[in-house]
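Structure first, commentary second.
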Amino acid sequence: MQPTNLIRNFCIIAHIDHGKSTLADRMLEVTGAVDKRDMRAQLLDSMELERERGITIKASAVTIWHEVGGQKYELNLIDTPGHVDFNYEVQKALQACEGALLLVDASQGVEAQTVANAYLAVEANLEIVPVINKCDLPHARPEEVAEEVENSIGIQAEDASRVSAKTGMGVKELLDSIVRMVPAPKGDPNASLRCLIFDAAYNEYRGIVVYLRVMEGTIKEGEMIHMLGTDKVYEAIDIGRFTPSMKRTGELGPGEVGYFVSNIKKLSDVRIGDTMTRHKGPKVEMLPGYRPPMHMVYADFFPTNTGDFESLREALETLSLSDSSFSHEAVTSEALGFGFRCGFLGLLHMEIVQERLEREHDIDMIQTAPTVNYRIVLADGSTQEIHSPGQLPTPDKYEKIMEPMARVSIMTPSEHIGNVMQIASDHRGDYIRQEHLSPTRVQLIYDIPLAELIYDFFDKLKSSTRGYGTLNYDISDFKEADLVKLRILVNGKEVDALTSIVHKDQAEFRGRQAIKKMRKEIPRHLFEIALQAAIGARIIARETISALRKDVTAKCYGGDVTRKRKLLEKQKEGKRRMRQIGNVDIPQKAFLAVLGGDDAEGSED
Amino acid sequence: MSSWADATERNPCAACYNSSVQAPEGTPLYVHLPFCAAKCHYCDFYSVPAEGHDRHAMVQAILAEARLRAPLHPSLVFFGGGTPSLLDHDELRVLLDGLDQICGWRSSSLETTAECNPESLDQSKAETLLALGVQRLSIGFQSLDPATLQLFGRVHTVEDSFAAYAAARAAGATNVNIDMIYAVPGQDPEQWQRDLSKVLDLGPDHLSAYNLTFEEETVFRRWLEQGRLQQHSEERELRFFVETRAALAARGLDAYEISNFARTGRECRHNLNYWANGPYVGLGPSAVSKVGVTRSGNIKAIGAYVRGALSGVRPEAWEETPSPLQRLAETWWLGLRTRAGLSAHEARVRAACDADDAAFLNEARALEQQGVLACANDTWTLTPKGLPLADWIAKRFLALAD
Numbered sequence: 002m003q004p005t006n007l008i009r010n011f012c013i014i015a016h017i018d019h020g021k022s023t024l025a026d027r028m029l030e031v032t033g034a035v036d037k038r039d040m041r042a043q044l045l046d047s048m049e050l051e052r053e054r055g056i057t058i059k060a061s062a063v064t065i066w067h068e069v070g071g072q073k074y075e076l077n078l079i080d081t082p083g084h085v086d087f088n089y090e091v092q093k094a095l096q097a098c099e100g101a102l103l104l105v106d107a108s109q110g111v112e113a114q115t116v117a118n119a120y121l122a123v124e125a126n127l128e129i130v131p132v133i134n135k136c137d138l139p140h141a142r143p144e145e146v147a148e149e150v151e152n153s154i155g156i157q158a159e160d161a162s163r164v165s166a167k168t169g170m171g172v173k174e175l176l177d178s179i180v181r182m183v184p185a186p187k188g189d190p191n192a193s194l195r196c197l198i199f200d201a202a203y204n205e206y207r208g209i210v211v212y213l214r215v216m217e218g219t220i221k222e223g224e225m226i227h228m229l230g231t232d233k234v235y236e237a238i239d240i241g242r243f244t245p246s247m248k249r250t251g252e253l254g255p256g257e258v259g260y261f262v263s264n265i266k267k268l269s270d271v272r273i274g275d276t277m278t279r280h281k282g283p284k285v286e287m288l289p290g291y292r293p294p295m296h297m298v299y300a301d302f303f304p305t306n307t308g309d310f311e312s313l314r315e316a317l318e319t320l321s322l323s324d325s326s327f328s329h330e331a332v333t334s335e336a337l338g339f340g341f342r343c344g345f346l347g348l349l350h351m352e353i354v355q356e357r358l359e360r361e362h363d364i365d366m367i368q369t370a371p372t373v374n375y376r377i378v379l380a381d382g383s384t385q386e387i388h389s390p391g392q393l394p395t396p397d398k399y400e401k402i403m404e405p406m407a408r409v410s411i412m413t414p415s416e417h418i419g420n421v422m423q424i425a426s427d428h429r430g431d432y433i434r435q436e437h438l439s440p441t442r443v444q445l446i447y448d449i450p451l452a453e454l455i456y457d458f459f460d461k462l463k464s465s466t467r468g469y470g471t472l473n474y475d476i477s478d479f480k481e482a483d484l485v486k487l488r489i490l491v492n493g494k495e496v497d498a499l500t501s502i503v504h505k506d507q508a509e510f511r512g513r514q515a516i517k518k519m520r521k522e523i524p525r526h527l528f529e530i531a532l533q534a535a536i537g538a539r540i541i542a543r544e545t546i547s548a549l550r551k552d553v554t555a556k557c558y559g560g561d562v563t564r565k566r567k568l569l570e571k572q573k574e575g576k577r578r579m580r581q582i583g584n585v586d587i588p589q590k591a592f593l594a595v596l597g598g599d600d601a602e603g604s605e606d
Numbered sequence: 003m004s005s006w007a008d009a010t011e012r013n014p015c016a017a018c019y020n021s022s023v024q025a026p027e028g029t030p031l032y033v034h035l036p037f038c039a040a041k042c043h044y045c046d047f048y049s050v051p052a053e054g055h056d057r058h059a060m061v062q063a064i065l066a067e068a069r070l071r072a073p074l075h076p077s078l079v080f081f082g083g084g085t086p087s088l089l090d091h092d093e094l095r096v097l098l099d100g101l102d103q104i105c106g107w108r109s110s111s112l113e114t115t116a117e118c119n120p121e122s123l124d125q126s127k128a129e130t131l132l133a134l135g136v137q138r139l140s141i142g143f144q145s146l147d148p149a150t151l152q153l154f155g156r157v158h159t160v161e162d163s164f165a166a167y168a169a170a171r172a173a174g175a176t177n178v179n180i181d182m183i184y185a186v187p188g189q190d191p192e193q194w195q196r197d198l199s200k201v202l203d204l205g206p207d208h209l210s211a212y213n214l215t216f217e218e219e220t221v222f223r224r225w226l227e228q229g230r231l232q233q234h235s236e237e238r239e240l241r242f243f244v245e246t247r248a249a250l251a252a253r254g255l256d257a258y259e260i261s262n263f264a265r266t267g268r269e270c271r272h273n274l275n276y277w278a279n280g281p282y283v284g285l286g287p288s289a290v291s292k293v294g295v296t297r298s299g300n301i302k303a304i305g306a307y308v309r310g311a312l313s314g315v316r317p318e319a320w321e322e323t324p325s326p327l328q329r330l331a332e333t334w335w336l337g338l339r340t341r342a343g344l345s346a347h348e349a350r351v352r353a354a355c356d357a358d359d360a361a362f363l364n365e366a367r368a369l370e371q372q373g374v375l376a377c378a379n380d381t382w383t384l385t386p387k388g389l390p391l392a393d394w395i396a397k398r399f400l401a402l403a404d
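From first to last, the protein sequence lines stand for chains A and B. For the first sequence, the working numbering gives the first residue as 2, with consecutive numbering after it. For the second sequence, the working numbering gives the first residue as 3, with consecutive numbering after it.
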């Protein structure tokens, strides 16, 4: 067991692409944790999707050893997810650390995400170690970036470590700074056991692996361990550190970070943020801030072939082994039959789940446009939560609808401030305040309905700031709004999977946009197709897809067959990801038409 | 014709063949002559200007390839291009005689066609072709409008076309086809009807009338994309299509395929074989062959083709063997283009596909419900509504092969 004064626990806070994974890799290499020839780029991002997107979805941890002044220190690096969807997970990872490296790209500067996570670290009383990366590049402007850090987060940054994770420049010195600046953990090895679960993952060979940080006491193999939040008891079968491979130690003392393996069946039996203690030991307080996953975004998944419902169920269940933060429950749609309503932490989380279903489980499915959850106050004063537009009762049945609001922080180069304010007001945003971070960068704070963020706010922000605008948000509260149900009819038949809830003032515009988009996505049929948008009984917009009358190749001889077949194969509408409603084939993209996006507006014929 | 499936099982005769996939005796033969007087702006067939190329070497190369892989006693022969009529008398004699020595086509071919262009077909050329064993001449008129011929980049005049037709008849040709193109930008449907009528007054045995297609990688396609040419609306093209069929039927030339019309008994058997997804061997640059279930194509570039063939190696550029379900989809697609149509059984035999075809039959029935397919005595055909939708229908079948 390592004495606490020789332990340092830290994480790295950084924006996507600012070099977090590269820095982690370099640290592993410099300290000899990983042999240079075993080095895969970005060792800590283990999921294929994480590597591809360059983002961290799951937290992970690694123990490295670093010598300073003849003393061997145990440094535990806890890699946190970088995206707002996983804010709660970030908080829990921070709770396992005493320090945080604030890694900023020397040419890009501070981004909204970085600031948000840095604040979380400050709130968690972590020592912030500013680090400016990519200092080897010609466009590096470390002085200005240091000023941005000081202005945006309010910490001293003039002595920030200047490194190049790519070349390894300054990494050894940075490790020395960590030992010097990050406080050692506290904790009595003989006190009653309290461990924080900051992550859990499914491992093909070991089953469920719990990531833990010992806060007090010592956890030992063979003991019965009680998880307080879920009230479950497991035997500690295997305890050890990540080096980065799992290395058994038999026990972990206060301040140490490692893993716990037992016969846990499902990932959902483990809750991030939960407290572990000794079963039947002295009663201990739960560690603060624990809560079950909160779903902010909902979407329905339907199998493309109605017969595949059971395979979709199995795929969702298998997936929840490695991702316990999405929920799924069976639903029925008049238009699409049996499917599942799934709840996600946010939009990115939804995309990840959808991609993993398709990639890892080869499931063809139709996904409806994502929606937020609404609170309905009924006539009798009771409240009801709905997470599907179809569940909204007729207006006479309820008093009011409340929608979730987000406190949004946007960082942008000052020249785009006018565009950003315009977009925020188009999305029903309430201006709160603005702050100048440096002469060229500004932070804007708005309250914006979450539904508007989902609609197309991200895309619009990116395109109006030439990609430089970044944003972060927190759900603040629920607020009453004048919302109506927007229905879509295809050849006079209402399609429940296309229903959405929109603000009354935007309903006509969004209805028109939705069916315009559908007109582009739905292939022509042999008959005319009428698309209508309706609010209540009133039709507010109509589009027509004309009947296909002629589609024939004039010349088709022996020398043409292969080429023409390939041409036809390219043109044909795959049966995949299409659903028939009435006698109209509707492709997946049309189901997302009620969302905004880049192609909703722009050039119309 | 016998079924195509067992054709592959017949034993190829011969020590003189050295290619791994040999076509059985009797397999139809196509010979591609890549030279043209000028490249037409709408054409995507492989051809090069005749000037500056060694036609003699090309003839020798085709004969060399024929020694490698021509089928013995082909039942049908088609000289296409390019413009076969561009070859001079001696070149034609060397090629056609040489081929006969190699595979004996003159005694076996039931129909031998040569494509001709008006600028290179006079009476003596026609006489030579007929004397060498050609039975059917196909003449590319394309249009009776001088401005359109110019737009197409054709090098002949309207008068040349009529003269070439007269020359063919004077030489004794008893089976003559005329090629025409309609739905040309700016063309008036009524003017087209008048032109068509003038062509019919000549009394051709066969007529191919094509809706102008803006093929990829053609001058026309570029002009379309640049806005220099305007395609007719779908409704108007449909009108051209329907009126062309009606006008030709009224004059005794029935449509037996989307773009092909003939007096009874004068249908082009060589092309019918393509739509039956039958086997064929193609010689010459870019020529495609289908032997068994494998389709393959020759090198396009003339120099490389000639060098390859003369060195005794088949100048093959690509090869593909579609999956059984793809073959079945292709067979439905091609077969439905014809008046005769096809039955599910014929489709399986022609495609050499014994996979379950229930999905194809279900699709056919669904299309019947939509009024684009009809079924009589187990034979499926396109309805008048379905004819102009042949590609849309083909895509439905191709989707089943995924």
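Ideal Cβ positions, reconstructed from N, Cα and C, are used throughout, including at glycine. Keep in mind that this is a model prediction, so the values were computed, not measured.
Under a Cβ-count criterion, where at least 16 other Cβ atoms within 10 Å of its own Cβ denotes burial, should residue i be classed as buried or exposed?
| i | result |
| --- | --- |
| Y212 (chain B) | buried |
| F81 (chain B) | buried |
| W320 (chain B) | exposed |
| I433 (chain A) | exposed |
| M28 (chain A) | buried |
| F528 (chain A) | exposed |
| E416 (chain A) | exposed |
| H140 (chain A) | exposed |
What separation, rounded to the nearest whole angstrom, lies between the Cα atoms of residue i and residue j?
| i | j | result |
| --- | --- | --- |
| N118 (chain A) | D86 (chain A) | 12 Å |
| R272 (chain A) | M287 (chain A) | 13 Å |
| A538 (chain A) | S389 (chain A) | 20 Å |
| S334 (chain A) | G282 (chain A) | 50 Å |
| E218 (chain B) | D46 (chain B) | 8 Å |
| D301 (chain A) | V332 (chain A) | 8 Å |
| M182 (chain B) | G388 (chain B) | 23 Å |
| I238 (chain A) | K135 (chain A) | 43 Å |
| G338 (chain A) | T369 (chain A) | 13 Å |
| A396 (chain B) | F362 (chain B) | 11 Å |
| M225 (chain A) | V234 (chain A) | 7 Å |
Going by the DSSP bridge assignment, what does residue i pair with across the sheet?
| i | result |
| --- | --- |
| E159 (chain A) | In the DSSP output, where bridge partners are listed per residue, E159 (chain A) has none listed. |
| G259 (chain A) | A:L213 |
| H227 (chain A) | A:V234 and A:T278 |
| N492 (chain A) | Partner(s): none; N492 (chain A) has no beta bridge. |
| F510 (chain A) | In DSSP, F510 (chain A) forms no bridge with anything. |
| K486 (chain A) | A:I502 |
| D106 (chain A) | A:N134 |
Thinking residue i and residue j are a contact (beta carbons under 8 Å), I'd like their distance in whole angstroms, please.
| i | j | result |
| --- | --- | --- |
| R297 (chain B) | E322 (chain B) | 5 Å |
| A531 (chain A) | N584 (chain A) | A531 (chain A) to N584 (chain A), Cβ: 13 Å. No contact. |
| R9 (chain A) | L76 (chain A) | 5 Å |
| V157 (chain B) | E121 (chain B) | 5 Å |
Taking 7 Å as the cut-off, is the CB of residue i close to at least one heavy atom of the ligand MN?
| i | result |
| --- | --- |
| D586 (chain A) | No copy of the ligand MN appears in this structure; indeed no ligand is present at all. |
*Does the region 541 to 560 of chain A touch the region 511 to 524 of chain A, meaning 3 or more C-beta pairs lie closer than 8 Å?*
Cβ pair count under 8 Å is three or more, so yes.
*asked:* Counting beta carbon pairs with one atom in the region 402 to 418 of chain A and one in the region 428 to 446 of chain A, are three or more of them shorter than 8 Å?
replied: Output reads yes: the region 402 to 418 of chain A touches the region 428 to 446 of chain A.
*Should the region 196 to 214 of chain B be called in touch with the region 248 to 261 of chain B, which here means at least 3 C-beta pairs below 8 Å?*
Inter-segment contact for the region 196 to 214 of chain B and the region 248 to 261 of chain B is present: three or more beta-carbon pairs are separated by less than 8 Å.
*Three or more C-beta pairs closer than 8 Å, one from the region 371 to 390 of chain B and one from the region 308 to 319 of chain B: is that the case here?*
Segments in contact, no.
*Between the region 330 to 343 of chain B and the region 86 to 103 of chain B, do at least 3 Cβ pairs fall closer than 8 Å?*
By the Cβ test, the region 330 to 343 of chain B is not in contact with the region 86 to 103 of chain B, since fewer than three Cβ pairs between them sit closer than 8 Å.
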